[in-house]
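Notes to accompany the following structure.
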Amino acid sequence: MMADAKTHRLPLNRLSHAECICFAQQVTGIIPSAKALHVAESVVVRYKNSLAVLIDKAEHLQTSDCIAIRAEMDELYEDITATVDAFNSIQPSQEITYFIFHLNNLVDRTRKAYRQRIRQKAHDG
């Protein structure tokens, strides 16, 4: 992978709660450490904590709470990816390259699953 590779973008607001939770769980699984990605530890901790709260709220179908949590998670996710992209340009590392590669694969798989769900929904009418 080239050092100037950027993270792929994903319209997170289009994902269902279940898709969002699945995506966020996988993102947390590929973060080697906040330090390795040059992201503030507090951002990664808040992202993981928000995910835990989202899982709890989604299980109890508190949709209004889920929307607020997802909005915060989207901001944290954008902070993480913007920081990774910036450091990949000025100070690339193996950890950043690994994260971008795996995140881009995850984004691409999530987009594909989302499109399949939308096509199936349209087909089912």
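Numbering (the working numbering), first residue to last: 17 to 141.
By construction, the Cβ of each residue, glycine as well, lies at the ideal position given by its N, Cα and C atoms.
The continuous alpha helix (DSSP H) containing Arg125 extends over residues 110 to 140. Given a length threshold of 4 residues, each whole run of the alpha helix (DSSP H) inside the stretch 25 to 61 is given here in chain order: 33 to 46, 50 to 53. Per DSSP, the continuous alpha helix (DSSP H) segment holding Thr97 begins and ends at 79 to 106. Contact check for Val59 against Asp95 passes: the beta carbons are separated by less than 8 Å.
Taking every protein chain shown into account, the CB of Val43 has 16 or more other CB atoms within 10 angstroms, so this residue is buried. The Cβ-Cβ distance between Tyr130 and Leu31 falls below 8 Å. Annotation for His118: Ile46 place their beta carbon closer than 8 Å to its own, counting only its chain and skipping 5 residues before and after. Between the C-alpha atoms of Ile116 and Ala21 there is a straight-line separation of about 8 Å. Ile112 is classed as buried because its beta carbon has at least 16 other beta carbons within 10 Å across all chains shown. The way I'd put it, the stretch 67 to 80 doesn't touch the stretch 131 to 139; fewer than three beta-carbon pairs between them come closer than 8 Å.
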